[in-house]
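Protein chains: 2
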Amino acid sequence: MRQLYELCGENRDVRFSPYCWRTRLMLQHKGLEFDPVAITFLEKQPLESAGSRTVPVLNDNGTWVKDSFDIALYLDDTYTDKPLFGNATARAQAVVLNDWLNRTLVLGIFPMIVADLHGHLDAKNAAYFRETREKFLGCTLEDAQGTRAEKLAPFRASLAPLRAALKQDDWLAGDAPGWLDYATFGPFVWAHLTSDIDLLDKDDSLHAWRERMFDLFDGSTRAMPRAV
Amino acid sequence: MRQLYELCGENRDVRFSPYCWRTRLMLQHKGLEFDPVAITFLEKQPLESAGSRTVPVLNDNGTWVKDSFDIALYLDDTYTDKPLFGNATARAQAVVLNDWLNRTLVLGIFPMIVADLHGHLDAKNAAYFRETREKFLGCTLEDAQGTRAEKLAPFRASLAPLRAALKQDDWLAGDAPGWLDYATFGPFVWAHLTSDIDLLDKDDSLHAWRERMFDLFDGSTRAMPRAV
């Protein structure tokens, strides 16, 4: 039995956490079957077995693993086919890239879709989300998202290091998708499912890469229910 | 015969290019003997054999290779002992990290030491440097460096992804120095040799890592002549 605990909105079929998407995609990369279990922000109780306060959490036949990066390492150690990293150097480099992606991509997208996210939650979760996220942002959700047009150009510019990889190969991890592709794509799926913002220009090499990522696994990510 | 063409100042023993340092360190990592050949900004002629306008350029027994990143790939393909990457995934990830390091670290340090750099050049090179770099910066060298106190805090903050790696290991590339360590250390050597600015706080995990890097290869980098 393998269960992936994923964040959901008021519509429990909308699974929108960028971190959960990373894990879902890496399970698919490995060809591992799993039961997705939807929980809201406030449904913390199922996470206790993993000693976690946040999703994703994986229950792999009784072995509980938390944190999308640690789950990636666990999956690569436990299921060695179709490696996500392949050696210790790639893993160590991925620690730096993971931190950079979380700062640049996740925290870059967050204020541009934060009011949209709020709109997809039930009343109790919406109140919790507003309180915690407005404290974090130092302004209202609507004020943060209200300036997204100004935020878009610097956000796009900040992704330049990823474009350097796409000058060489179709995938960020080389000639086949790897950890870096899934870690980068997760935040884009988050925005796609919850907002109508167009994060990437059509001429951007990352736009074509994102389409290739949506095509993976028989287009199953593209087929997921959106909140918009 | 193996020659590394390196940038020098008016004092030709001062070898200060961040990119050349990356190559010098990787040659040392591989245990490969080489003759360092000093050239100034204006001595472009020796670079023609490699079809390059910039240092570093490596002449490896008649095989000419340019660009510090391409030289790293060449060295790892040609001399497979003591790998810098180890697999294709680490190489692909390094393309992203290399671009990020050049933007964040090299371009972050550059305006903070640019007037110092100018001061270490002979008259002709200094005039060339001022003209080209002031065009690039959009201000005088002195104005750029004049606000370095304000630039230091955001520069230090921008290095956070590197600190994530040092929470796990002594080296950025894992349990031994690798490409990522040399690619990151090169720009710090550049600043160390040419400026008295203290780029890192003493409590910063990167400060202790930088000391470990200076200790490598019998402390030979620490022993290099400084312009200051």
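First to last, the protein sequences are chains A and B.
Sequential numbering from 2 applies to the first sequence in this note's numbering.
Sequential numbering from 2 applies to the second sequence in this note's numbering.
Using N, Cα and C, we set each Cβ at its ideal position, and we do this for glycine too.
DSSP state of residue i mapped onto helix, strand, coil
| i | result |
| --- | --- |
| alanine 39 (chain B) | strand |
| glutamate 7 (chain A) | strand |
| glycine 179 (chain B) | coil |
Spatial neighbours of residue i in its chain, beta-carbon cut-off 6 Å, leaving aside the 5 residues before and after
| i | result |
| --- | --- |
| proline 19 (chain B) | Val107, Gly187, Pro188 and Trp191 |
| arginine 3 (chain B) | Phe35 and Asp61 |
| arginine 149 (chain B) | Met113 |
| proline 37 (chain A) | Leu5 and Glu7 |
| isoleucine 110 (chain A) | Pro188 and Ala192 |
| aspartate 176 (chain A) | Asp170 |
| aspartate 199 (chain B) | none |
| phenylalanine 137 (chain B) | none |
| alanine 145 (chain B) | Pro112, Val115 and Leu138 |
| tryptophan 22 (chain B) | Gly187 and Val190 |
| proline 226 (chain B) | Asp14 and Val15 |
| alanine 51 (chain B) | Val58, Trp65 and Lys67 |
Cut-off 8 Å between Cβ atoms - residues of its own chain near residue i, not counting five sequence neighbours on either side
| i | result |
| --- | --- |
| glycine 32 (chain A) | Asp82 and Lys83 |
| histidine 121 (chain A) | Gly10, Glu11, Asn12, Val15, Phe17, Thr195 and Ala228 |
| leucine 207 (chain B) | Leu160, Leu163, Arg164, Leu167 and Leu201 |
| leucine 102 (chain B) | Ala184, Thr185 and Pro188 |
| arginine 54 (chain A) | Lys45 and Leu48 |
Spatial neighbours of residue i in its chain, beta-carbon cut-off 7 Å, leaving aside the 5 residues before and after
| i | result |
| --- | --- |
| phenylalanine 215 (chain A) | Thr222 and Arg223 |
| aspartate 68 (chain B) | none |
| alanine 127 (chain B) | His119 |
| leucine 217 (chain B) | Pro178 |
| aspartate 197 (chain A) | Val229 |
| threonine 141 (chain B) | Glu135 |
| arginine 131 (chain B) | His119 and Leu142 |
| alanine 39 (chain B) | Glu7, Cys9, Arg13 and Arg16 |
Nearest residue (CA-CA) to residue i, options the options
| i | options | result |
| --- | --- | --- |
| aspartate 204 (chain B) | B:His193, B:Phe218, B:Met225 and B:Arg157 | B:Arg157 |
| lysine 125 (chain B) | B:Thr41, B:Glu212 and B:Leu142 | B:Thr41 |
| isoleucine 74 (chain B) | B:Trp101, B:Thr24 and B:Lys45 | For the sequence presented, residue 74 (chain B) should be read as leucine rather than isoleucine. Leucine 74 (chain B) has its Cα closest to that of B:Thr24, out of B:Trp101, B:Thr24 and B:Lys45. |
| valine 66 (chain A) | A:Tyr6, A:Val38 and A:His193 | A:Tyr6 |
| glutamate 151 (chain A) | A:Tyr183, A:Pro112 and A:Ala128 | A:Pro112 |
| glycine 220 (chain B) | B:Pro37, B:Asp77 and B:Gln29 | B:Gln29 |
| alanine 174 (chain B) | A:Asn103, A:Asn88, A:Arg149 and A:Trp22 | A:Asn88 |
| arginine 213 (chain B) | B:Asp171, B:Ser53 and B:Asp199 | B:Asp171 |
| tryptophan 180 (chain A) | A:Ser50, A:Val115, A:Leu98 and A:Phe130 | A:Leu98 |
| proline 117 (chain B) | B:Thr105, B:Arg134 and B:Trp101 | According to the sequence shown, residue 117 (chain B) is aspartate rather than proline. Nearest C-alpha to aspartate 117 (chain B): B:Arg134. |
| arginine 92 (chain B) | B:Phe130, B:Leu8 and B:Asp71 | B:Asp71 |
| aspartate 100 (chain A) | A:Ala184, A:Asp197 and A:Met225 | A:Ala184 |
| leucine 95 (chain A) | A:Phe137, A:Arg54 and A:Asp182 | The identity of residue 95 (chain A) in the sequence shown is alanine, whereas the question assumes leucine. With distances taken between Cα atoms, alanine 95 (chain A) lies closest to A:Asp182. |
| leucine 153 (chain A) | A:Ser50, A:Thr105, A:Gly63 and A:Leu85 | A:Thr105 |
| tyrosine 129 (chain A) | A:Gln146, A:Leu26 and A:Leu43 | A:Leu43 |
| leucine 1 (chain A) | A:Pro57, A:Thr90 and A:Pro155 | Residue coverage of chain A in this structure runs from 2 to 229, which leaves residue 1 (chain A) outside it and unanswerable. |
Checklist line | Selection of the segment 97-108 of chain B by Cβ proximity to chain A, strictly under 8 Å | finding: Of all residues in the segment 97-108 of chain B, those with a C-beta nearer than 8 Å to a C-beta of chain A are Val97, Leu98, Asn99, Asp100, Trp101 and Arg104, reading in chain order.
Margin query: Along the segment 80-91 of chain A, where does the CB come closer than 7 Å to a CB of chain B? Name the residues.
Written below: Legend: CB atoms of the segment 80-91 of chain A lying less than 7 Å from CB atoms of chain B belong to residues Phe86, Gly87, Asn88, Ala89, Thr90 and Ala91.
Note to self: What are the residues in the segment 181-208 of chain B lying within 8 Å of chain A by C-beta distance?
What the structure shows: Those residues of the segment 181-208 of chain B that come within reach of chain A (Cβ to Cβ, closer than 8 Å) are Leu181.
Checklist line | beta strand (DSSP E) segments (min. 3 residues) lying fully within the segment 15-78 of chain A | finding: Segments of the beta strand (DSSP E) lying fully in the segment 15-78 of chain A: 36-40, 58-61 and 64-67.
Checklist line | Selection of the segment 129-154 of chain A by Cβ proximity to chain B, strictly under 8 Å | finding: Here the close residues number zero.
Notebook entry, point to check: In chain order, what residues of the segment 154-167 of chain A put their CB closer than 7 Å to some CB of chain B?
Noted result: The residues in question are Ala161, Pro162, Leu163, Ala165 and Ala166.
Notebook entry, point to check: Which ranges would you report for the alpha helix (DSSP H) in the segment 177-229 of chain B if only whole runs of at least 4 residues count?
Noted result: Those alpha helix (DSSP H) runs which fall completely within the segment 177-229 of chain B and span 4+ residues are 180-195 and 206-220.
Item checked: Contained alpha helix (DSSP H) runs [length at least 4] in the segment 115-149 of chain B, N- to C-terminal order -> Runs of the alpha helix (DSSP H) inside the segment 115-149 of chain B: 124-138 and 142-147.
Next item on the list: Please name the residues in the segment 52-84 of chain A whose beta-carbon is closer than 9 Å to at least one beta-carbon of chain B, in chain order.
Entry: Listed in chain order, the positions of the segment 52-84 of chain A with a beta carbon within less than 9 Å of a beta carbon of chain B are Pro84.
Notebook entry, point to check: Taking any Cβ of chain A, which residues in the segment 10-29 of chain B have a Cβ under 9 Å from it, in chain order?
Noted result: The residues in question: there are none.
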